[in-house]
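Going left to right, the sequence shown walks through residues 1 to 280 as the UniProt record's numbering numbers them. Written below as C-alpha coordinates is the structure these notes are about.
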Amino acid sequence: MHRRNGQPTMLPLSNIQRWNQSCYLVSLRIIRHNCFDSLQVFRSKLETSLYIVFRSVTMNHQAGARTSLWDECGHPGKSTQQRRLHATSNLERIKAIMANYPEGHKVAALIPTLDIAQRQHGWLPISAMHEVARILEIPRMRVYEVATFYTMFNRQPVGKYLIQVCATTPCMLRGAESLTEAAEKKLGIKVGETTKDGLFTLMEVECLGACANAPMIQVNDDFYEDLTPSDMNDILSELKAGKRPKPGPRSGRLAAEPHGGFTSLKSPPRGPGFGIQPGL
(Lines of atoms letter the chains of each structure in order from A and count residues from 1; the text may use other names and numbers.)
(Lines give C-alpha, C1' and ligand atoms only; values in the text may rest on other atoms or scores of the structure.)
Protein backbone atom coordinates (compact mmCIF):
# COMPACT_ATOMS: atom_id res chain seq x y z
CA MET A 1 0.00 0.00 0.00
CA HIS A 2 1.08 3.60 -0.59
CA ARG A 3 -0.72 6.95 -0.59
CA ARG A 4 -1.52 9.17 -3.54
CA ASN A 5 -3.20 12.52 -2.84
CA GLY A 6 -3.78 11.34 0.69
CA GLN A 7 -5.68 8.24 -0.45
CA PRO A 8 -4.33 4.69 0.02
CA THR A 9 -3.74 2.88 -3.29
CA MET A 10 -2.31 -0.51 -4.22
CA LEU A 11 1.11 -0.74 -5.83
CA PRO A 12 0.99 -2.53 -9.21
CA LEU A 13 1.64 -6.24 -8.87
CA SER A 14 4.62 -7.77 -10.64
CA ASN A 15 4.10 -10.86 -12.76
CA ILE A 16 5.54 -13.07 -10.03
CA GLN A 17 3.29 -11.53 -7.36
CA ARG A 18 0.27 -11.94 -9.62
CA TRP A 19 1.24 -15.55 -10.33
CA ASN A 20 1.66 -16.43 -6.62
CA GLN A 21 -1.61 -14.73 -5.71
CA SER A 22 -3.50 -16.52 -8.49
CA CYS A 23 -2.06 -19.92 -7.54
CA TYR A 24 -3.20 -19.43 -3.95
CA LEU A 25 -6.73 -18.40 -4.93
CA VAL A 26 -7.13 -21.25 -7.40
CA SER A 27 -5.94 -23.84 -4.87
CA LEU A 28 -8.26 -22.45 -2.18
CA ARG A 29 -11.26 -22.42 -4.50
CA ILE A 30 -10.70 -26.03 -5.58
CA ILE A 31 -10.26 -27.28 -2.02
CA ARG A 32 -13.37 -25.45 -0.72
CA HIS A 33 -15.84 -26.33 -3.45
CA ASN A 34 -14.80 -29.80 -4.58
CA CYS A 35 -14.67 -33.21 -2.98
CA PHE A 36 -12.45 -35.66 -4.86
CA ASP A 37 -12.46 -39.44 -4.78
CA SER A 38 -8.69 -39.60 -5.13
CA LEU A 39 -5.59 -37.44 -4.87
CA GLN A 40 -4.92 -38.07 -8.57
CA VAL A 41 -8.20 -36.37 -9.58
CA PHE A 42 -7.40 -33.40 -7.35
CA ARG A 43 -3.91 -33.07 -8.78
CA SER A 44 -5.21 -33.24 -12.35
CA LYS A 45 -7.76 -30.46 -11.76
CA LEU A 46 -5.21 -28.34 -9.91
CA GLU A 47 -2.61 -28.67 -12.68
CA THR A 48 -5.20 -27.73 -15.31
CA SER A 49 -6.35 -24.68 -13.35
CA LEU A 50 -2.83 -23.45 -12.63
CA TYR A 51 -1.87 -23.84 -16.28
CA ILE A 52 -4.82 -21.66 -17.31
CA VAL A 53 -3.76 -19.05 -14.76
CA PHE A 54 -0.18 -19.16 -16.01
CA ARG A 55 -1.31 -18.60 -19.61
CA SER A 56 -3.30 -15.53 -18.60
CA VAL A 57 -0.45 -14.08 -16.52
CA THR A 58 2.23 -14.48 -19.21
CA MET A 59 0.11 -13.82 -22.31
CA ASN A 60 1.69 -10.43 -22.94
CA HIS A 61 5.23 -11.72 -22.59
CA GLN A 62 5.42 -14.85 -24.73
CA ALA A 63 6.14 -13.14 -28.04
CA GLY A 64 9.54 -11.77 -27.06
CA ALA A 65 10.17 -14.45 -24.43
CA ARG A 66 12.89 -12.39 -22.75
CA THR A 67 10.52 -10.66 -20.30
CA SER A 68 8.60 -13.81 -19.36
CA LEU A 69 8.15 -14.81 -15.74
CA TRP A 70 10.45 -17.78 -16.25
CA ASP A 71 13.26 -16.02 -18.15
CA GLU A 72 15.16 -14.82 -15.10
CA CYS A 73 18.15 -13.17 -16.73
CA GLY A 74 16.44 -10.64 -19.01
CA HIS A 75 19.35 -11.25 -21.36
CA PRO A 76 19.01 -9.54 -24.76
CA GLY A 77 19.62 -11.84 -27.65
CA LYS A 78 18.10 -13.87 -30.42
CA SER A 79 14.40 -14.01 -31.11
CA THR A 80 12.09 -16.87 -30.22
CA GLN A 81 12.21 -18.15 -33.79
CA GLN A 82 16.02 -18.21 -33.80
CA ARG A 83 16.19 -20.09 -30.51
CA ARG A 84 14.13 -23.04 -31.66
CA LEU A 85 15.58 -26.50 -32.12
CA HIS A 86 16.35 -25.72 -35.74
CA ALA A 87 19.24 -28.16 -36.19
CA THR A 88 18.09 -31.15 -38.25
CA SER A 89 20.44 -33.46 -36.39
CA ASN A 90 18.91 -32.40 -33.06
CA LEU A 91 15.38 -33.03 -34.28
CA GLU A 92 16.41 -36.46 -35.53
CA ARG A 93 17.96 -37.28 -32.16
CA ILE A 94 14.77 -36.23 -30.37
CA LYS A 95 12.65 -38.41 -32.66
CA ALA A 96 14.95 -41.37 -31.97
CA ILE A 97 14.63 -40.79 -28.21
CA MET A 98 10.83 -40.53 -28.37
CA ALA A 99 10.71 -43.81 -30.31
CA ASN A 100 11.99 -45.59 -27.19
CA TYR A 101 8.73 -44.94 -25.35
CA PRO A 102 5.16 -46.21 -25.88
CA GLU A 103 2.62 -44.10 -27.73
CA GLY A 104 1.16 -41.42 -25.51
CA HIS A 105 4.22 -41.24 -23.27
CA LYS A 106 6.34 -38.65 -25.07
CA VAL A 107 6.78 -36.83 -21.76
CA ALA A 108 9.27 -39.56 -20.78
CA ALA A 109 11.69 -37.98 -23.26
CA LEU A 110 11.52 -34.58 -21.56
CA ILE A 111 14.87 -34.55 -19.73
CA PRO A 112 17.02 -35.73 -22.68
CA THR A 113 15.16 -33.32 -24.98
CA LEU A 114 15.89 -30.40 -22.63
CA ASP A 115 19.53 -31.50 -22.56
CA ILE A 116 19.68 -31.38 -26.36
CA ALA A 117 18.11 -27.91 -26.34
CA GLN A 118 20.63 -26.68 -23.77
CA ARG A 119 23.55 -28.06 -25.76
CA GLN A 120 22.33 -26.22 -28.85
CA HIS A 121 21.95 -22.84 -27.12
CA GLY A 122 24.43 -23.19 -24.25
CA TRP A 123 21.53 -22.53 -21.84
CA LEU A 124 17.73 -22.95 -21.69
CA PRO A 125 15.91 -19.80 -22.84
CA ILE A 126 12.15 -19.73 -22.32
CA SER A 127 11.58 -20.06 -26.06
CA ALA A 128 13.56 -23.32 -26.15
CA MET A 129 11.37 -24.67 -23.33
CA HIS A 130 8.28 -23.74 -25.34
CA GLU A 131 9.67 -25.52 -28.38
CA VAL A 132 10.33 -28.66 -26.31
CA ALA A 133 6.73 -28.54 -25.07
CA ARG A 134 5.48 -28.23 -28.65
CA ILE A 135 7.58 -31.15 -29.90
CA LEU A 136 6.57 -33.44 -27.04
CA GLU A 137 2.95 -32.24 -27.16
CA ILE A 138 2.79 -31.48 -23.44
CA PRO A 139 1.74 -28.37 -21.48
CA ARG A 140 4.49 -25.82 -21.03
CA MET A 141 3.99 -26.08 -17.29
CA ARG A 142 5.33 -29.65 -17.36
CA VAL A 143 8.53 -28.37 -18.97
CA TYR A 144 8.89 -25.53 -16.46
CA GLU A 145 8.53 -28.00 -13.57
CA VAL A 146 11.51 -30.03 -14.74
CA ALA A 147 13.70 -27.17 -16.00
CA THR A 148 13.36 -25.26 -12.72
CA PHE A 149 13.89 -28.33 -10.51
CA TYR A 150 17.20 -29.62 -11.85
CA THR A 151 20.15 -27.30 -11.29
CA MET A 152 21.95 -28.84 -14.28
CA PHE A 153 19.65 -26.83 -16.56
CA ASN A 154 20.95 -23.28 -16.96
CA ARG A 155 18.13 -20.75 -17.17
CA GLN A 156 20.47 -17.88 -17.87
CA PRO A 157 23.45 -17.59 -20.23
CA VAL A 158 26.76 -19.10 -19.13
CA GLY A 159 30.28 -18.86 -20.49
CA LYS A 160 31.85 -21.16 -23.05
CA TYR A 161 33.47 -23.04 -20.17
CA LEU A 162 31.20 -23.73 -17.20
CA ILE A 163 33.50 -24.32 -14.22
CA GLN A 164 31.62 -26.26 -11.52
CA VAL A 165 33.48 -26.70 -8.24
CA CYS A 166 32.08 -29.50 -6.07
CA ALA A 167 31.54 -28.05 -2.58
CA THR A 168 29.94 -31.03 -0.82
CA THR A 169 31.48 -32.47 2.37
CA PRO A 170 34.14 -34.86 0.95
CA CYS A 171 35.50 -32.24 -1.46
CA MET A 172 35.26 -29.50 1.16
CA LEU A 173 37.31 -31.59 3.62
CA ARG A 174 39.90 -32.15 0.90
CA GLY A 175 40.31 -28.47 0.05
CA ALA A 176 37.54 -27.46 -2.38
CA GLU A 177 37.48 -23.94 -0.95
CA SER A 178 41.08 -23.40 -2.02
CA LEU A 179 40.11 -24.38 -5.58
CA THR A 180 37.32 -21.81 -5.59
CA GLU A 181 39.67 -19.12 -4.29
CA ALA A 182 42.26 -19.98 -6.94
CA ALA A 183 39.65 -19.79 -9.71
CA GLU A 184 38.27 -16.47 -8.46
CA LYS A 185 41.76 -14.98 -8.37
CA LYS A 186 42.73 -16.36 -11.78
CA LEU A 187 39.53 -15.28 -13.54
CA GLY A 188 38.83 -12.08 -11.63
CA ILE A 189 35.23 -13.06 -10.87
CA LYS A 190 33.21 -14.42 -7.96
CA VAL A 191 31.10 -17.57 -7.75
CA GLY A 192 28.00 -17.17 -9.93
CA GLU A 193 29.62 -14.65 -12.27
CA THR A 194 30.81 -14.81 -15.89
CA THR A 195 33.98 -13.22 -17.26
CA LYS A 196 33.49 -10.16 -19.47
CA ASP A 197 34.77 -12.03 -22.52
CA GLY A 198 32.05 -14.68 -22.02
CA LEU A 199 34.65 -17.43 -21.74
CA PHE A 200 34.18 -18.64 -18.15
CA THR A 201 31.34 -19.01 -15.67
CA LEU A 202 32.26 -20.09 -12.13
CA MET A 203 29.80 -22.02 -9.98
CA GLU A 204 29.79 -24.04 -6.77
CA VAL A 205 27.63 -27.17 -7.01
CA GLU A 206 26.57 -30.11 -4.89
CA CYS A 207 28.02 -33.63 -5.16
CA LEU A 208 29.15 -34.63 -8.66
CA GLY A 209 29.66 -38.27 -7.69
CA ALA A 210 33.46 -38.44 -7.64
CA CYS A 211 33.99 -38.38 -3.87
CA ALA A 212 36.89 -40.87 -4.05
CA ASN A 213 38.78 -38.29 -6.13
CA ALA A 214 38.10 -35.22 -4.02
CA PRO A 215 38.55 -32.36 -4.52
CA MET A 216 37.33 -32.15 -8.09
CA ILE A 217 35.67 -29.90 -10.63
CA GLN A 218 33.59 -30.37 -13.75
CA VAL A 219 34.26 -28.29 -16.86
CA ASN A 220 31.38 -28.74 -19.29
CA ASP A 221 31.33 -32.55 -19.63
CA ASP A 222 34.83 -33.28 -18.29
CA PHE A 223 35.86 -34.24 -14.75
CA TYR A 224 39.19 -33.06 -13.28
CA GLU A 225 40.05 -34.81 -10.02
CA ASP A 226 42.57 -34.93 -7.14
CA LEU A 227 43.19 -31.22 -7.62
CA THR A 228 45.34 -28.61 -5.92
CA PRO A 229 45.11 -24.82 -6.43
CA SER A 230 48.09 -25.13 -8.77
CA ASP A 231 46.20 -27.72 -10.84
CA MET A 232 43.23 -25.37 -11.04
CA ASN A 233 45.43 -22.57 -12.38
CA ASP A 234 46.98 -24.90 -14.97
CA ILE A 235 43.56 -26.09 -16.17
CA LEU A 236 42.25 -22.54 -16.55
CA SER A 237 45.41 -21.46 -18.38
CA GLU A 238 45.03 -24.30 -20.89
CA LEU A 239 41.38 -23.44 -21.46
CA LYS A 240 42.27 -19.78 -22.02
CA ALA A 241 44.80 -20.91 -24.63
CA GLY A 242 42.06 -22.81 -26.47
CA LYS A 243 43.32 -26.23 -25.41
CA ARG A 244 41.38 -29.07 -23.81
CA PRO A 245 43.13 -30.24 -20.62
CA LYS A 246 43.31 -34.00 -20.21
CA PRO A 247 40.40 -35.08 -17.98
CA GLY A 248 40.85 -37.35 -14.97
CA PRO A 249 42.97 -37.40 -11.80
CA ARG A 250 45.92 -35.02 -11.51
CA SER A 251 47.63 -37.07 -8.80
CA GLY A 252 49.04 -39.67 -11.17
CA ARG A 253 46.78 -42.47 -10.03
CA LEU A 254 44.47 -44.37 -12.36
CA ALA A 255 40.81 -43.48 -11.87
CA ALA A 256 39.94 -44.07 -8.18
CA GLU A 257 42.66 -46.56 -7.27
CA PRO A 258 43.99 -46.24 -3.68
CA HIS A 259 46.50 -43.44 -3.03
CA GLY A 260 48.92 -45.91 -1.49
CA GLY A 261 48.74 -48.35 -4.37
CA PHE A 262 46.83 -51.60 -4.68
CA THR A 263 46.45 -53.90 -1.68
CA SER A 264 45.50 -57.54 -1.26
CA LEU A 265 44.26 -59.86 1.45
CA LYS A 266 47.86 -61.04 1.94
CA SER A 267 49.24 -57.57 2.75
CA PRO A 268 48.95 -56.04 6.25
CA PRO A 269 45.97 -53.65 6.61
CA ARG A 270 46.50 -49.91 6.64
CA GLY A 271 46.11 -48.12 9.95
CA PRO A 272 43.17 -45.87 10.87
CA GLY A 273 43.14 -42.55 9.04
CA PHE A 274 45.47 -43.65 6.23
CA GLY A 275 45.42 -41.16 3.38
CA ILE A 276 43.54 -38.45 5.29
CA GLN A 277 45.02 -34.97 5.02
CA PRO A 278 47.17 -33.99 8.05
CA GLY A 279 44.86 -31.20 9.17
CA LEU A 280 42.01 -33.56 10.09
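Here a beta-carbon is modelled for each residue, glycine too, at the ideal position from N, C-alpha and C.
Is residue j closer than 9 Å to residue i when the C-beta atoms are compared?
{"i": "H130", "j": "R140", "result": "yes"}
{"i": "E193", "j": "L199", "result": "no"}
{"i": "V219", "j": "L265", "result": "no"}
{"i": "I189", "j": "T180", "result": "no"}
{"i": "L91", "j": "A109", "result": "no"}
{"i": "A147", "j": "N213", "result": "no"}
{"i": "Q156", "j": "W123", "result": "yes"}
{"i": "T263", "j": "R270", "result": "yes"}
{"i": "R142", "j": "V107", "result": "yes"}
From which residue to which residue does the alpha helix (DSSP H) around residue i run?
{"i": "Q156", "result": "Here Q156 belongs to no alpha helix (DSSP H), and DSSP marks it neither H nor E."}
{"i": "D231", "result": "229 to 240"}
{"i": "F262", "result": "Note, F262: premise wrong, no alpha helix (DSSP H); not H, not E."}
{"i": "Y150", "result": "Counting along the chain, Y150 falls outside any alpha helix (DSSP H), and DSSP gives it neither H nor E."}
{"i": "T113", "result": "110 to 121"}
Using CA atoms only, rank isn't needed, just tell me which of the options is closest to residue i.
{"i": "V158", "options": "P125, C211, G175, S89", "result": "P125"}
{"i": "C211", "options": "A128, L110, P249", "result": "P249"}
{"i": "C166", "options": "K196, M216, V146, K185", "result": "M216"}
{"i": "V205", "options": "L227, K243, G252, Y150", "result": "Y150"}
{"i": "R174", "options": "P229, P102, A117", "result": "P229"}
{"i": "D222", "options": "Y101, D234, P245", "result": "P245"}
{"i": "S251", "options": "K243, E225, M232, F262", "result": "E225"}
{"i": "I116", "options": "E257, K106, I94", "result": "I94"}
{"i": "C171", "options": "C207, I235, E92, E184", "result": "C207"}
{"i": "S237", "options": "S178, A182, N90, L136", "result": "A182"}
{"i": "G209", "options": "I235, T168, N154", "result": "T168"}
{"i": "M152", "options": "A133, L187, K186, P112", "result": "P112"}
{"i": "D234", "options": "R142, K186, V191, R253", "result": "K186"}
{"i": "K240", "options": "P102, D197, F262, F274", "result": "D197"}
{"i": "E177", "options": "M232, K160, N154, R142", "result": "M232"}
{"i": "G242", "options": "A133, G261, K160, E184", "result": "K160"}
{"i": "P247", "options": "P258, H259, L227", "result": "L227"}
{"i": "G104", "options": "H121, L114, V132, I138", "result": "I138"}
{"i": "L114", "options": "Y144, P102, S89", "result": "Y144"}
{"i": "residue 281", "options": "E184, H121, G273", "result": "In the structure as shown, the chain begins at 1 and stops at 280. Residue 281 is therefore absent and cannot be evaluated."}
For the beta strand (DSSP E) holding residue i, just list the boundary residues, first then last.
{"i": "D222", "result": "222 to 225"}
{"i": "V132", "result": "Looking at the DSSP string, V132 is not in any beta strand (DSSP E); the run it does join, the alpha helix (DSSP H), is 126 to 136."}
{"i": "T201", "result": "200 to 205"}
{"i": "V219", "result": "217 to 219"}
What does residue i pair with, by DSSP beta-bridge criteria?
{"i": "G248", "result": "Y224"}
Using only the heavy atoms of the ligand MN, determine whether one of them is closer than 8 Å to the beta carbon of residue i.
{"i": "R93", "result": "This structure lacks the ligand MN; in fact it carries no ligand of any kind."}
At what residue ranges does the segment 163 to 193 contain a whole run of the alpha helix (DSSP H), taking only runs of 4 or more? 169 to 173, 176 to 187
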